[in-house]
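Below is one structure, written out as structure tokens; comments come after it.
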Amino acid sequence: MINYLRSEVCPQLVGSGGASRATFTAAAAFTEMAGWMAHDVGRTLAAERHFSRALDLARAGDDRFIEAHILASMSHLANYRRNPIAGMEYPHRALVMLADGPRYPVLEARLIAMQARARAGLRRPRETADLLIRAEWALAASPAVEHSQWVSGFDEGALAAEAARCMYDLVDIAGAERQAHRVVELRADDRLRSRAFGQLPLVAALLRRGEVPAACSLATRVLDATQHLGSFLVVEQLAGFRRTVEPHRRNTSVAAFTARLDEALVARRWLCHGPAEDGYPSTREEAW
1 MINYLRSEVC PQLVGSGGAS RATFTAAAAF TEMAGWMAHD VGRTLAAERH FSRALDLARA
61 GDDRFIEAHI LASMSHLANY RRNPIAGMEY PHRALVMLAD GPRYPVLEAR LIAMQARARA
121 GLRRPRETAD LLIRAEWALA ASPAVEHSQW VSGFDEGALA AEAARCMYDL VDIAGAERQA
181 HRVVELRADD RLRSRAFGQL PLVAALLRRG EVPAACSLAT RVLDATQHLG SFLVVEQLAG
241 FRRTVEPHRR NTSVAAFTAR LDEALVARRW LCHGPAEDGY PSTREEAW
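Each residue of the sequence shown is one higher than the one before, starting from 1 at the first, in UniProt numbering.
Written out as structure tokens, the structure reads:
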């Protein structure tokens, strides 16, 4: 992606003829994608830089929908890095920007869900619940504009995944488990990444409830299902469970999980450089 941006996109932005708004918008979208790719392999600071550049490009393209979309991504990253103040600020800016134009419910719902994540990070359960309800209402609204090819979709499954993270941050284990089950129900088997991220909060919820063997059995299934998925975030979250299950290592399910995790860490070692480089949370059980 970076090579493509440098070789194909950048020359169009600085060419003598001047770039069109559409070119800047496309460049913003590709740069934002590069940010997500960096985040998924553990390069959080690189992701932050890509998102910031993407935002500048979106402004140059004068496309407020892609700009709001990027602000939602920046909010996600801020929440991931345990910075809920920034996690609230980015979607607030986006929603203010969108307020005087035609409604884009899917984008609005994602932004409100990011606000809920930030409120959950600040341990504000009532505000979190109100925002999650608002996000549901937004999803149910009729769009006033055509869907942009550069703005990612956001559906009931995505909202359930965000709600599960909110409930976990609020130590509402039953709520986190309920939302995680909903993600799995709404995500088909071929959507490995989405299903994995739906099952991970369920693993954490089971661990919080003391159901260690059940948690390890599910975690092992997630590892097996994602063995060809190059996501540092999945491996990182599963590795974070190790300390929790270590006292139970003589249990058959725990032993099977830790052995399978060791194999996965060796196989995916190229993904595991993120924490040392970027210094973000080392335990996703704590950093949800």
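Every residue, glycine too, gets a C-beta built ideally from N, C-alpha and C.
Judged by DSSP in its simplified three-state form, asparagine 251 adopts coil rather than helix or strand. Relative to the Cα of glutamate 236, the nearest Cα in the group Val212, Leu98, Pro213 and Val266 belongs to Val266. Comparing alpha-carbon positions, the option among Phe257, Ala46, Leu45 and Ala68 lying closest to serine 148 turns out to be Ala68. With a cut-off of 8 Å on Cβ pairs, the segment 76 to 96 is not in contact with the segment 125 to 135, counting fewer than three such pairs.
Non-local C-beta neighbours of threonine 31 in its own chain, meaning closer than 7 Å and more than five positions away in sequence, comprise Leu5, His50, Arg53, Ala54 and Leu57, ordered along the chain.
Taking a cut-off of 8 Å on C-beta distances, the segment 133 to 144 touches the segment 97 to 104, as three or more cross pairs fall below it.
About 17 Å separates the beta carbons of alanine 38 and serine 75, which is beyond the 8 Å limit, so they are not a contact pair. Contact between aspartate 40 and serine 194 is absent: CB atoms are separated by about 13 Å, not below the 8 Å threshold. The C-alpha of threonine 258 is placed about 26 Å away from the C-alpha of arginine 178. With respect to valine 234, threonine 226 sits close: the two C-beta atoms are nearer than 8 Å.
Non-local C-beta neighbours of alanine 116 in its own chain, meaning closer than 6 Å and more than five positions away in sequence, comprise Thr128, Leu131, Leu132 and Cys166, ordered along the chain. Our two residues, phenylalanine 241 and tryptophan 137, have alpha carbons roughly 35 Å apart in a direct line. Shown here, histidine 39 sits in a helix according to DSSP, grouped into three states. The residues Leu223, Leu238, Ala239 and Arg242, in chain order, have a CB closer than 7 Å to that of leucine 261 in the same chain once the five nearest residues on each side in sequence are set aside.
Between alanine 174 and the set Leu218, Pro201 and Ala219, the nearest pair of CA atoms involves Pro201.
Taking the Cα positions, glycine 198 is about 10 Å away from leucine 186. When DSSP states are grouped into helix, strand and coil, alanine 135 belongs to the helix group. Nearest in C-alpha terms to isoleucine 66, of all of Arg81, Leu98 and Glu48, is Leu98.
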